[in-house]
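Take a look at the structure set out below.
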Amino acid sequence: MPTSRARARNVLNRPEFMSLHHQPVRSAGAEARAGARRPSYKAQQQQQQPQQHAGQSSDHAQQPDAVENGRERREFPEEDCMQLNPSFKGIAMNSLLAIDISVSKRLGVCAHTTSSWGNMRAIVKLLALTGHGIPWILGTLVCLTRSNTLAGQEVLVNLLLALLLDVMTVAGMQKLVKRKGPWEMSPSFLDYLAMDVYSFPSAHASRAVMVAKFLLAHLVLAVPLRILLVLWAFLVGMSRVMLGRHHLTDVGCGVALGFLHYSLVEMVWLSSSTCQTLISIGTLNWSPFY
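The sequence shown lines up with residues 1 to 290 when you count with UniProt numbering.
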């Protein structure tokens with residue numbers, strides 16, 4: 001007797017069941033197993049993305065080597081960088097400048113007529129005028145035309161040279177630094193003539209110190225006059241701070257320049273014969289030709 005399995009095989013071998021026998025229908029479990037074996041399109045993309053990121057990370061890892069080799073170098077300007085850890089020198093300089101501005105503003109007691117010492121403004125301006133370059137240059141030229149001695153003319157010519165050196169040096173430094181004063185004030189007409197427009201360094205302090213040192217060295221003066229000359233140089237420098245035109249550091253640098261100008265003039269001191277030649281050229285009286 002044929003078994004039940006043999007009967008089933010005989011039934012499936014019939015012609016009407018051959019198509020079903022050669023193309024078996026897949027069950028749901030088989031389709032699930034096939035889908036698990038073949039990844040979908042999204043899964044392929046997700047697998048490709050880590051590979052791309054890995055390639056990019058390797059490129060980024062190679063960039064420092066390229067930067068070191070000089071092939072690819074990008075630098076940002078200093079003004080676009082935030083200094084989160086400034087140096088001690090920078091902190092000290094900024095602190096000193098802030099103290100200088102604050103103290104200079106407090107000492108500007110005659111800066112305006114409404115200031116605490118506003119009623120003294122006219123006297124302080126007159127004191128500052130005694131250290132201006134234009135009156136000193138014009139006064140030296142007048143004294144030179146009135147002098148009749150060779151020694152006096154020698155001293156006056158060298159003093160004129162020192163004054164011109166002071167004006168040109170201070171004007172060049174002011175034009176280079178271009179520092180404004182503690183109070184916003186427009187320069188006067190005499191300041192434009194003497195090229196004393198900016199604040200650093202103080203031309204009045206430089207000129208006063210240089211003239212005081214020059215006169216103390218080449219004139220015979222009594223002790224009270226010598227003390228008054230030193231006091232005058234000090235008050236001229238302080239008057240510019242009181243008027244709000246200069247900082248304390250401007251006056252300090254001006255004092256140092258005054259000593260420097262005096263030393264330079266002493267090093268290149270013009271002799272009496274050279275002074276007479278310059279006077280002859282200036283007065284259009286070229287005596288050596290006669």
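By construction, the Cβ of each residue, glycine as well, lies at the ideal position given by its N, Cα and C atoms.
(1) If I measure Cβ to Cβ from leucine 150 and keep anything under 6 Å in the same chain, skipping five residues before and after, which residues do I get?
(2) Just the C-alpha distance for serine 95 and serine 87, rounded to the nearest angstrom, thanks.
(3) For glutamate 72, is the classification buried or exposed, using 16 other Cβ atoms within 10 angstroms of its Cβ as the cut-off for buried?
(4) Is there contact here, the segment 241 to 249 with the segment 192 to 210, by at least three beta-carbon pairs under 8 Å?
(5) Kindly indicate the opening and closing residues of the alpha helix (DSSP H) around asparagine 94.
(6) Beta-carbon separation of leucine 165 and leucine 270 under 8 Å?
(7) Given that a residue counts as buried once 16 or more other Cβ atoms are within 10 Å of its Cβ, and exposed if not, what is glutamate 184?
(8) Contact defined as beta carbons within less than 8 Å: I believe residue 291 pairs with leucine 159. What is the distance between those atoms, to the nearest angstrom?
(9) Is lysine 105 near the ligand HEM, with its Cβ less than 7 Å from a heavy atom?
(10) Can you check which of these residues, Trp117, Asn119, Leu163, Glu266, is closest to glycine 139 by C-alpha distance?
(11) With DSSP run on the structure shown, which of helix, strand or coil describes arginine 240?
(12) Less than 8 Å between the beta carbons of valine 170 and leucine 260, yes or no?
(13) What does the Cβ neighbour count give for serine 102, buried or exposed, with the cut at 16 atoms within 10 Å?
(14) Using DSSP with H/G/I as helix, E/B as strand and the rest coil, what is threonine 149?
(15) The alpha helix (DSSP H) spanning alanine 212 covers which residue range?
(16) Taking the alpha-carbon of threonine 274 as reference, which of Gly172, Glu154, Ala122 has the nearest alpha-carbon?
(17) Looking at proline 135 and residue 300, is the spacing between their C-beta atoms short of 8 Å?
(18) Between the Cα of methionine 242 and the Cα atoms of Thr145, Val236, Cys110, which residue gives the shortest distance?
(19) For the alpha helix (DSSP H) that contains lysine 125, what are its first and last residues?
(20) Checking 8 Å against the spacing of the C-beta atoms, do glycine 254 and serine 206 come in under that value?
On the basis of the data shown:
(1) Here residue 150 refers to the residue found at position 150 when the sequence shown is read from its first residue. Cβ contact annotation for leucine 150 (same chain, cutoff 6 Å, sequence separation greater than five): Ser272, in chain order.
(2) As a first step, residue 95 is located in the sequence shown; it is residue number 95 there, counting from the start. As a first step, residue 87 is located in the sequence shown; it is residue number 87 there, counting from the start. The straight-line gap from Cα to Cα measures roughly 12 Å.
(3) Taking the first residue of the sequence shown as 1, we reach residue 72 at position 72. Residue placement at glutamate 72 is poorly supported in this model, since its pLDDT is 46, which falls under 50; the coordinates still yield a value, given next. The C-beta of glutamate 72 has fewer than 16 other C-beta atoms within 10 Å across all chains shown, which makes the residue exposed.
(4) A contact is defined here as three or more CB-CB pairs under 8 Å, and the segment 241 to 249 meets this definition with respect to the segment 192 to 210.
(5) Residue mapping note: residue 94 aligns to position 94 of the sequence shown, counting from 1. Counting along the chain, the unbroken alpha helix (DSSP H) around asparagine 94 starts and ends at 88 to 107.
(6) Within the sequence shown, numbered from 1, the residue matching residue 165 stands at position 165. Within the sequence shown, numbered from 1, the residue matching residue 270 stands at position 270. No, Cβ-Cβ distance for leucine 165 and leucine 270 is not below 8 Å.
(7) In the sequence shown, the residue the question calls residue 184 occupies position 184. Exposed, because fewer than 16 other Cβ atoms sit within 10 Å of the Cβ of glutamate 184.
(8) It is not possible to answer for residue 291, since the shown part of the chain is limited to 1 through 290.
(9) Judged by which ligands are present, the structure shown has none, so any question about the ligand HEM falls away.
(10) For this step, residue 139 is matched to residue 139 along the sequence shown. Minimum Cα distance to glycine 139 is reached at Leu163.
(11) By one-based count along the sequence shown, residue 240 stands at place 240. Helix.
(12) On the sequence shown, position 170 is the one that residue 170 refers to. On the sequence shown, position 260 is the one that residue 260 refers to. Valine 170 places its beta carbon 8 Å or farther from that of leucine 260.
(13) Mapped onto the sequence shown, residue 102 falls at position 102. Serine 102 should be labelled exposed.
(14) Numbered from its first residue, the sequence shown carries residue 149 at position 149. If DSSP states are grouped into helix, strand and coil, threonine 149 belongs with coil.
(15) As a position in the sequence shown, residue 212 is number 212, starting the count at 1. Going by DSSP, alanine 212 is part of the alpha helix (DSSP H) stretching over 203 to 218.
(16) The residue you call residue 274 lines up with position 274 of the sequence shown. That would be Glu154, whose Cα lies nearest to the Cα of threonine 274.
(17) Residue 300 lies beyond the residue range present for the chain, which begins at 1 and ends at 290; the question has no answer from this structure.
(18) On the sequence shown, residue 242 is found 242 positions in, with the first residue counted as 1. Of Thr145, Val236, Cys110, the residue nearest in Cα terms is Cys110.
(19) By one-based count along the sequence shown, residue 125 stands at place 125. Taken as a continuous stretch (DSSP letters only), the alpha helix (DSSP H) holding lysine 125 covers 121 to 129.
(20) The residue given as residue 254 occupies position 254 in the sequence shown. The residue given as residue 206 occupies position 206 in the sequence shown. Going by C-beta atoms, glycine 254 is nearer than 8 Å to serine 206.
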